[in-house]
Amino acid sequence: MNDRLRPLVAGNWKMNGIEASLSEIERLKILLADAGALSADVLVCPPATLLSRAADVCMGSPIELGGQDCHAKVSGAHTGDISAQMVADAGGSFVIVGHSERRADHGEGDAVVKAKAEAALAAGLTPIVCVGETAEQRAGGQANQVVGGQVRNSLPTYKAGQKVVVAYEPVWAIGTGNTATAADIADMHAAIRAILNEMLGAGGEKALVLYGGSVKPSNAREILATPNVNGALVGGASLLADDFFSIIIAA
Ligand code: PGA
20 MNDRLRPLVA GNWKMNGIEA SLSEIERLKI LLADAGALSA DVLVCPPATL
70 LSRAADVCMG SPIELGGQDC HAKVSGAHTG DISAQMVADA GGSFVIVGHS
120 ERRADHGEGD AVVKAKAEAA LAAGLTPIVC VGETAEQRAG GQANQVVGGQ
170 VRNSLPTYKA GQKVVVAYEP VWAIGTGNTA TAADIADMHA AIRAILNEML
220 GAGGEKALVL YGGSVKPSNA REILATPNVN GALVGGASLL ADDFFSIIIA
270 A
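Shown next as structure tokens:
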């Protein structure tokens, strides 16, 4: 862990969660209150339908909320989409953009992801820009080139003082139970950090680089202790408060 940066442990609920699931956020709130001072910031990104109800539950707790995606435009004729301003209005302070499931399921390329990240910043949200290579790309020795290209082309045009988070999520590690080795994570995070320093100037050192892909209570401590890993983006293991809490306190 880069000790100059306070880590962020973020939960991505994906397309999971109905009203009853808010009990997990209520339980997380209690676990965090009992834990006292935390050494990480905590974020939950529920489906958009739960965002404002989750905001009511999170009142008075350290849990921040975020969206899982936003449109690049502020408003307009885009049936089914939600804007960054809507995420902020519903109680979000972060939004995930460019998740590999959006890139794959909705054909979102780097230019679209960049526009979404810029919309997020304009709405006062912190974008979490996701990048990651496929198994074929890693096998073909292209992981660094692919991820480097995604970082360079998906990050928003940056103004000093803005907050940007990058999440490195190897596609083959998402939801599979397979994680990258600590050495591979360290290598990729160092490469991403170098690009951030180049692109963001002084802001590069402040940008968090999260790891995501099958982070769970049993591997969180090792992953979060890896150099240049400033937190985690957690899918499956964020759905149950007790598992997610175990990851938060491992940071
Ligand atoms: P996972 O998902 O933790 O279930 O692998 C991570 C993600 O896609 O953000």
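Heads up, the working numbering is the position in the sequence shown plus 19, with the first residue counted as 1.
By construction, the Cβ of each residue, glycine as well, lies at the ideal position given by its N, Cα and C atoms.
Going along the chain, which residues of its own chain have a beta-carbon closer than 6 angstroms to the beta-carbon of residue i, five neighbours each way excluded?
i: Pro65; result: Trp32, Gly36 and Ala73
i: Tyr230; result: Tyr187, Ile204, Ile242, Val248 and Ala251
i: Ser257; result: Gly30 and Phe263
i: Lys135; result: Cys89, Ala91 and Val116
i: Ala142; result: Ala103, Gln104 and Ala107
State yes or no: is the C-beta of residue i nearer than 7 angstroms to some heavy atom of ligand 1?
i: Ile211; result: no
i: Thr228; result: According to the sequence shown, residue 228 is Val rather than Thr. Outside the cutoff, so no.
i: Ser233; result: yes
i: Gly250; result: no
i: Glu188; result: yes
i: Ile268; result: no
i: Ala273; result: Because residue 273 is not part of the residues shown, which for the chain are 20 to 270, the question remains open.
i: Val253; result: yes
i: Gly194; result: yes
i: His90; result: no
i: Asn31; result: yes
i: His118; result: yes
Leaving out five residues before and five after residue i in sequence, what residues of the same chain have Cβ atoms less than 7 angstroms from its Cβ?
i: Leu41; result: Leu69, Arg72, Ala73 and Val76
i: Leu144; result: Ala103, Val106, Ala107, Gly111, Ser112, Phe113 and Val114
Roughly how far, in whole angstroms, is the beta-carbon of residue i from the beta-carbon of residue j, given that I think they are within contact range, below 8 angstroms?
i: Val190; j: Leu174; result: Rounded, the Cβ-Cβ distance is 19 angstroms, inconsistent with contact.
i: Glu43; j: Asp60; result: With a Cβ gap of about 18 angstroms, Glu43 and Asp60 do not count as contacting.
i: Gly167; j: Ile214; result: 6 angstroms
i: Ala202; j: Ala138; result: Contact flag wrong, Cβ pair sits at about 36 angstroms.
i: Gln169; j: Asp129; result: 6 angstroms
i: His208; j: Thr153; result: About 19 angstroms; that fails the 8 angstroms criterion.
i: Ser269; j: Arg240; result: Before going on, a small fix: residue 269 reads as Ala here, not Ser. Sure, about 4 angstroms apart at Cβ, within 8 angstroms.
i: Thr195; j: Ser233; result: 6 angstroms
Less than 7 angstroms between the CB of residue i and some heavy atom of ligand 3, yes or no?
i: Ala141; result: Ligands in the displayed structure: ligand 1; ligand 3 is not one of them.
Near residue i, which residues of its chain fall below 8 angstroms by C-beta distance, leaving aside the five closest residues on each side in sequence?
i: Leu51; result: Leu57, Val61, Ser80, Pro81, Ile82, Phe264 and Ile267
i: Ala221; result: Ala179
Meets three-Cβ-pair contact criterion under 8 angstroms: the stretch 156 to 171 and the stretch 98 to 114: no
Cβ pair count under 8 angstroms reaching 3, the stretch 163 to 183 against the stretch 221 to 239: yes
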